[in-house]
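Start counting the first sequence at 7; every next residue gets the next number (my numbering).
The block underneath contains the structure these notes are about, expressed in structure tokens.
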Amino acid sequence: MDVSSILDPLNSAQRAAVCHSNGHALVLAGAGSGKTRVLVHRIAWLIQAENVSPFSILAVTFTNKAAAEMRGRIESLLGIPASGMWVGTFHGIAHRLLRAHWQEAELPQNFQILDSDDQQRTLKRLIREMGLDDSQWPAKEAQWYINARKDEGLRAGQVKLYPGQKNDAHLLQMIEIYKYYEALCQQAGMVDFAEMLLRAKDLWQKRPDVLQHYRGRFQNILVDEFQDTNSIQYDWIKILAGDSGRVFAVGDDDQSIYGWRGAKIENIHQYTKDFTPSETYRLEQNYRSTGNILNAANGLIANNTDRLGKELWTEDSEGELIQVYSAFNEIDEANYIVDNIQQRLNEGYRRSECAILYRSNAQSRVLEESLIATGMPYRVYGGLRFFDRQEIRDVLAYLRIMTNRNDAPAFERIINTPTRGIGNKTLEVVRTTAREQNMTLWQATLSVIENKVLPARAIGALQAFVDLINEHAELIANVSLSEKIEHVVHHSGLEAYYEKEKGERGRARIENMQELVQAGVNFEAEDWQQEDENMDELSAFLSHAALEAGEGQADEWDDCVQLMTLHSAKGLEFKQVYICGVEEGLFPHRLSAEDPVRLEEERRLCYVGMTRAMENLTLSYAEKRRIYGEDSYPTPSRFLKEIPQDCLHQVRVTGFAKQASGYAGDATSSYSETPQDENGLNISLGQRVLHPSFGEGMVMNYEGEGRHARVQINFEEVGSKWLVMEYANLSLA
DNA sequence: CTTGCAACACTTTTT
DNA sequence: GTGTTGCAAG
Numbered sequence: 007m008d009v010s011s012i013l014d015p016l017n018s019a020q021r022a023a024v025c026h027s028n029g030h031a032l033v034l035a036g037a038g039s040g041k042t043r044v045l046v047h048r049i050a051w052l053i054q055a056e057n058v059s060p061f062s063i064l065a066v067t068f069t070n071k072a073a074a075e076m077r078g079r080i081e082s083l084l085g086i087p088a089s090g091m092w093v094g095t096f097h098g099i100a101h102r103l104l105r106a107h108w109q110e111a112e113l114p115q116n117f118q119i120l121d122s123d124d125q126q127r128t129l130k131r132l133i134r135e136m137g138l139d140d141s142q143w144p145a146k147e148a149q150w151y152i153n154a155r156k157d158e159g160l161r162a163g164q165v166k167l168y169p170g171q172k173n174d175a176h177l178l179q180m181i182e183i184y185k186y187y188e189a190l191c192q193q194a195g196m197v198d199f200a201e202m203l204l205r206a207k208d209l210w211q212k213r214p215d216v217l218q219h220y221r222g223r224f225q226n227i228l229v230d231e232f233q234d235t236n237s238i239q240y241d242w243i244k245i246l247a248g249d250s251g252r253v254f255a256v257g258d259d260d261q262s263i264y265g266w267r268g269a270k271i272e273n274i275h276q277y278t279k280d281f282t283p284s285e286t287y288r289l290e291q292n293y294r295s296t297g298n299i300l301n302a303a304n305g306l307i308a309n310n311t312d313r314l315g316k317e318l319w320t321e322d323s324e325g326e327l328i329q330v331y332s333a334f335n336e337i338d339e340a341n342y343i344v345d346n347i348q349q350r351l352n353e354g355y356r357r358s359e360c361a362i363l364y365r366s367n368a369q370s371r372v373l374e375e376s377l378i379a380t381g382m383p384y385r386v387y388g389g390l391r392f393f394d395r396q397e398i399r400d401v402l403a404y405l406r407i408m409t410n411r412n413d414a415p416a417f418e419r420i421i422n423t424p425t426r427g428i429g430n431k432t433l434e435v436v437r438t439t440a441r442e443q444n445m446t447l448w449q450a451t452l453s454v455i456e457n458k459v460l461p462a463r464a465i466g467a468l469q470a471f472v473d474l475i476n477e478h479a480e481l482i483a484n485v486s487l488s489e490k491i492e493h494v495v496h497h498s499g500l501e502a503y504y505e506k507e508k509g510e511r512g513r514a515r516i517e518n519m520q521e522l523v524q525a526g527v528n529f530e531a532e533d534w535q536q537e538d539e540n541m542d543e544l545s546a547f548l549s550h551a552a553l554e555a556g557e558g559q560a561d562e563w564d565d566c567v568q569l570m571t572l573h574s575a576k577g578l579e580f581k582q583v584y585i586c587g588v589e590e591g592l593f594p595h596r597l598s599a600e601d602p603v604r605l606e607e608e609r610r611l612c613y614v615g616m617t618r619a620m621e622n623l624t625l626s627y628a629e630k631r632r633i634y635g636e637d638s639y640p641t642p643s644r645f646l647k648e649i650p651q652d653c654l655h656q657v658r659v660t661g662f663a664k665q666a667s668g669y670a671g672d673a674t675s676s677y678s679e680t681p682q683d684e685n686g687l688n689i690s691l692g693q694r695v696l697h698p699s700f701g702e703g704m705v706m707n708y709e710g711e712g713r714h715a716r717v718q719i720n721f722e723e724v725g726s727k728w729l730v731m732e733y734a735n736l737s738l739a
């Protein structure tokens, strides 16, 4: 067998890992070192060189995107469809197992997936039904608590109390809520995300016959982003592997940034103990970034303790220094970044090659305003995802209740959406009936109608709802998936309801609902049956909607500047990267700065952000920032001091440093100098000036002094803009 | 049942 | 500063 196509594109470290022969292997793959490539080539190697059957391969990732990418790359490398092997997310694979073994997992065949929104609503209702004050016991907190316990592999009855916690009323109440929630989900056949993993693990432990079958099958297990595994995921893999399965784990302890949601970086250490003997491979050659960027990132991360140790290097040149911009305030910061991007575009870069990264979502607003003012197209990642949109969830809820009348979250969602005269009072009666007579909400509704325990008007409204659902459920019974969706959109009243919503928003909602019909058409065309042979098309689609949030469902990127949090940037790369808000309190976030463990995670987050950059990296901070409507005067982040200073270029150091002591940075402080640029050009109000890319305009306003002054210029072509004198490169018109 | 206003709280996020 | 939630009036 000719394996040169598999091995030739690899460096020696990658090749060693790919060809690893016996037993387990741990690959410590630094940022940009070809981690996915190693996984993909490893699979190809197994199949083509070791003659392993694709059926024996299980490859697990964390995100759908990573799974899709892996699958695609395997197929293009092998030149054949990757059929037979299981490639998916932990949740996707757990779901598949539970669908196939619902009986063994002690679930009803038609169990429903409870996504986080459903979960929260369910908890809210449950807390109220328990007679608790839901302002004192917020559903969100309970959700957080329950999921955290499940991530540790603990059911309500297994939570252990330390001696000091025996009288902790709050904690005891949380456990009580957890107990009720657990019972409710079991009774209603609802499975939340964490539960999927927990059930899949229980399945191994409770049913040795099932475990035996999969152990026999999956002799080759590959795990991506191993540093992000939580306790159940780790255990699940460990149990599945047993004595004979080989586990090939790829990860980077320096990129562990999800500790706060249960990921255990220690798993990577634990692995070397549990999976012995195992070989460790280090991928340290970086193919992404310039020398300066890597030196800076290496220097920063060296401040963390307890690392497995790894130093990235590159054959690439040093490249440009990292720019550090000290902004006057957050608006100046945004303008600087946008101006800088504009310059890069003039140099020939594409907008999509530029990314602005920030610690928290709230920071995006100012950036967006600046981008809009400049007329620069951009895309914000990580906003509301397609299947999470209100109107989409509404349509799906109709489909769900038509599939299963006892789907409580769906019932609650649409019972009065669009409004049909069923108010809280009516609903309370239904809920009480359901609780007292141990019925589902749907059954309770029927009972209330039959016994006429409410005024005629309410009874009529309930009857109309029941009829609507029954009637249309029948009408769509024998049509295709997309026709079902379309029918519900038209006849549920949702379309009419959202048409009334004024403005852009209503129209967008209608468009999204049409997009959902299209999603149905696409789904029909996919070979979903291969993965979900145990379900009908609609159920499979509904599961798909819960498991895949639908990123990439809507707008495929045009050429846009990319905005996202540092967290969502993981796994991506951009030629031009701007990290903004590099200030104490924001980054590291004030809620994490005190705790050394969390501080290290912040530092890793910074490391992740920096290593996204291929050619240029700019770090910026503001001397004054409005946060929650209050002015704050943050100090530059400690991370800036931890980066080797010879990697950095302080953009604003000239001029500003000379008057450093007084830089309170308030716009109202006195200004003696008129705006002046690098060449000493002075500018006054009303003057006509020429900008290399914006053309001619008039100086309308300015703030600040000397070369750091920001001037507002009303350009003939592009309208009004704030520019920083030092970079504006203006000349007199 | 809907609408309007005041009080509130507010990292990071995938599935 | 923004978005969400709870309560009271219409």
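Even for Gly, the Cβ is constructed at its ideal location relative to N, Cα and C.
Tell whether a beta-carbon distance below 8 Å holds between residue 587 and residue 369. yes
Can you confirm whether the stretch 296 to 311 touches the stretch 610 to 619 when touching is taken to mean that 3 or more C-beta pairs between the two stretches lie within less than 8 Å? Counting Cβ pairs under 8 Å, three or more are found: they touch.
Among 629, 532 and 112, which one has its Cα closest to the Cα of residue 202? 112
Separation of residue 367 from residue 388, as counted between CA atoms: 9 Å
Going by other Cβ atoms of all chains shown within 10 Å of its Cβ, with 16 needed for buried, is residue 101 buried or exposed? buried
Compute the Euclidean distance between the alpha carbons of residue 327 and residue 362, then round it to the nearest angstrom. Using only the alpha carbons, I get a separation of about 18 Å.
Taking only the alpha-carbon atoms, compute the straight-line gap between residue 117 and residue 37 and give it to the nearest angstrom. 39 Å
Going by other Cβ atoms of all chains shown within 10 Å of its Cβ, with 16 needed for buried, is residue 24 buried or exposed? buried
Here's the rule I'm using: 16 or more other beta-carbon atoms within 10 Å means buried, otherwise exposed. How should residue 517 be labelled? It counts as exposed.
Looking at C-beta atoms only, is the number of pairs between the stretch 218 to 225 and the stretch 60 to 80 that lie closer than 8 Å three or more? yes
Three-state secondary structure (DSSP) at residue 514? helix
With H, G and I counted as helix, E and B as strand and the rest as coil, what does DSSP make of residue 150? helix
Three Cβ pairs or more, each shorter than 8 Å: is that satisfied between the stretch 310 to 317 and the stretch 247 to 261? yes
Out of curiosity, what's the CA-to-CA distance linking residue 212 and residue 294? 46 Å
Taking the C-alpha atoms as reference points, what is the distance between residue 480 and residue 421? 19 Å
Count the CB pairs spanning the stretch 237 to 250 and the stretch 272 to 282 that are closer than 8 Å, and state whether there are at least three. yes
Relative to the alpha-carbon of residue 503, which residue among 425, 554 and 544 has its alpha-carbon at the smallest distance? It is 425.
What do you get for residue 356, buried or exposed, if any count of 16 or more other CB atoms within 10 angstroms of its CB means buried? exposed
Relative to the C-alpha of residue 530, which candidate in 491, 74 and 625 has its C-alpha closest? 491
Whole angstroms are fine: how far does the CA of residue 451 sit from the CA of residue 465? 9 Å
What are the boundary residues of the beta strand (DSSP E) that residue 360 is part of? Here the beta strand (DSSP E) through residue 360 covers 360 to 364.
Segment limits, beta strand (DSSP E) that includes residue 470: Not the beta strand (DSSP E): residue 470 falls in the alpha helix (DSSP H), residues 462 to 481.
Here's the rule: buried if 16 or more other CB atoms are within 10 angstroms of the residue's CB, otherwise exposed. What is residue 436? buried
Residue burial classification, residue 603 (beta-carbon count within 10 angstroms, cutoff 16): Residue environment analysis places residue 603 among the exposed positions, since fewer than 16 neighbouring C-beta atoms fall within 10 angstroms of its C-beta.
Closer than 8 Å is the cut-off here; do at least three beta carbon pairs connect the stretch 78 to 95 with the stretch 156 to 168? no
DSSP three-state label for residue 581, please. strand
Residue 448 classed as buried or exposed, judged by whether at least 16 other C-beta atoms fall within 10 angstroms: Counting Cβ neighbours within 10 Å, residue 448 comes out buried, since at least 16 surround it.
Residue 697 by DSSP, collapsed to three states: which one? strand
Output needed for residue 143: all residues of its chain with C-beta closer than 6 Å, excluding positions within five of it in sequence on either side, in chain order. 133
For residue 118, which of helix, strand or coil comes out of DSSP? strand
Do you know how far the Cα of residue 638 is from the Cα of residue 252? 54 Å
Hey, would you say residue 130 sits closer than 8 Å to residue 106, going by beta carbons? In this structure, residue 106 does not lie closer than 8 Å to residue 130 by Cβ.
Bridge partner(s) assigned by DSSP for residue 385: 568
C-alpha gap between residue 95 and residue 196, whole angstroms: 20 Å
Quick check on residue 477: buried or exposed, where buried means 16 or more other Cβ atoms within 10 Å of its Cβ? exposed
Distance, Cα to Cα, residue 299 vs residue 383? 27 Å
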